Every structure is written in structure tokens, then in C-alpha cells.
Amino acid sequence: MLWLVAADFVTMIHAAYVAFVVIGFVAILVGWAAEWHWVRNFYFRLAHLAMILFVCCEALIGTTCPLTIWENMLRVRGGESGYSRDFVGYWLDSLIFYKAPPWIFTTADLTFGALVILAFWFVPMQWPTANRSPDSNFTRRNSVS
Numbered sequence: 320m321l322w323l324v325a326a327d328f329v330t331m332i333h334a335a336y337v338a339f340v341v342i343g344f345v346a347i348l349v350g351w352a353a354e355w356h357w358v359r360n361f362y363f364r365l366a367h368l369a370m371i372l373f374v375c376c377e378a379l380i381g382t383t384c385p386l387t388i389w390e391n392m393l394r395v396r397g398g399e400s401g402y403s404r405d406f407v408g409y410w411l412d413s414l415i416f417y418k419a420p421p422w423i424f425t426t427a428d429l430t431f432g433a434l435v436i437l438a439f440w441f442v443p444m445q446w447p448t449a450n451r452s453p454d455s456n457f458t459r460r461n462s463v464s
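If you're matching positions, the sequence shown starts at 320 in my numbering and goes up one per residue.
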């Protein structure tokens with residue numbers, strides 16, 4: 320039972336990963352149109368890019384996601400073979416894994432990765448600055464020396 324709960328937890332982490340990548344991209348596009356400044360945040364954009372590039376690398380080399388491997392290992396240790404049929408595991412697995420030829424997933428992953436990279440052109444990230452307040456430039460430029 321504990322192994323299956325742990326497997327469901329890994330599945331939730333996996334779903335959260337996918338949600339961050341997909342919803343994050345939608346937020347970037349909506350934020351661009353709505354002029355939300357947080358969608359240009361350096362750390363948000365860097366994390367988002369790293370996550371999709373990791374998925375693209377997995378797709379290119381044809382490897383299984385470590386979270387999928389870990390989930391399956393936990394399910395086997397819990398007495399199941401493969402994906403769960405309990406409520407949480409079933410629905411989260413259904414959201415993440417659907418039946419299609421592998422080339423479709425590779426194409427989708429790489430296309431999505433290319434769109435994320437293209438978003439850097441339209442919605443450039445804001446590079447972090449060295450602990451300056453917005454008023455520091457004004458004070459420095461307008462101070463009497």
C-alpha cells in the first residue's frame with residue numbers, strides 16, 4: 320500500500336511538471352498580451368526553458384522519463400504491473416500518458432520546445448540586476464556631484 324501511495328505521489332509530481340511547462344507557456348503568451356511583467360522573470364523563464372529542454376533531450380535520445388521509471392518501479396514493488404487503476408493514479412496517468420505512436424510524442428515535444436524558445440524572441444526575459452531599486456538610477460543620474 321505504501322509503495323502505491325508513493326507511486327501516486329510521483330505521478331502527481333509528474334503531472335505538476337507537465338502542468339508547469341504547458342500552463343507556464345500559456346501564461347507567457349497571455350502575460351505578453353496583458354503586459355504582465357512577471358512572465359519576463361529570469362528565474363521563471365530559465366526554469367521553464369530547462370524543463371522543456373530536458374523533455375526534448377529525452378525525446379531525441381529516445382529514453383523514458385526518470386519519473387515514469389520511478390513510478391513503475393514503485394508500482395511493481397506495491398504488487399502492480401505498470402500503471403495503477405486507483406482513482407488518483409488512473410486519472411493522472413490518463414492526463415499524462417495517452418496512446419499514440421512514439422514519433423507523435425517526439426514531434427509534439429520538439430515542436431513545443433521550439434515554441435518555448437521562439438517565445439524568447441517575442442517575450443524576452445528580463446535579466447536580473449545587482450540589487451538595485453527602481454529609484455537608484457534616478458538618484459544616480461540626477462545627483463549633484
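For glycine and all other residues, C-beta sits at the position ideal for the given N, C-alpha and C.
Keep in mind the model is a prediction, meaning the values are calculated, not measured.
Neighbourhood of residue i by C-beta, 7 angstroms cutoff - its chain only, sequence neighbours within 5 removed
i           : result
residue 446 : 361
residue 441 : 351
Residue interval of the alpha helix (DSSP H) (run including residue i)
i           : result
residue 343 : 321–353
residue 420 : Premise fails: residue 420 is in no alpha helix (DSSP H) and is neither H nor E.
residue 387 : 385–396
Residues bridged to residue i [DSSP beta-bridge criterion]
i           : result
residue 360 : 445
Selection from the options that minimises the alpha carbon distance to residue i
i           : options            : result
residue 381 : 329, 443, 359, 420 : 420
residue 429 : 363, 371, 355      : 371
residue 326 : 444, 351, 390      : 390
residue 444 : 398, 367, 332, 322 : 367
At least 3 beta-carbon pairs within less than 8 angstroms: the segment 385–401 vs the segment 340–347:
Fewer than three Cβ pairs drawn from the segment 385–401 and the segment 340–347 lie within less than 8 angstroms of each other, which leaves the two stretches out of contact.
How do the segment 433–442 and the segment 363–377 stand: do at least 3 beta-carbon pairs fall below 8 angstroms, yes or no?
Output reads yes: the segment 363–377 touches the segment 433–442.
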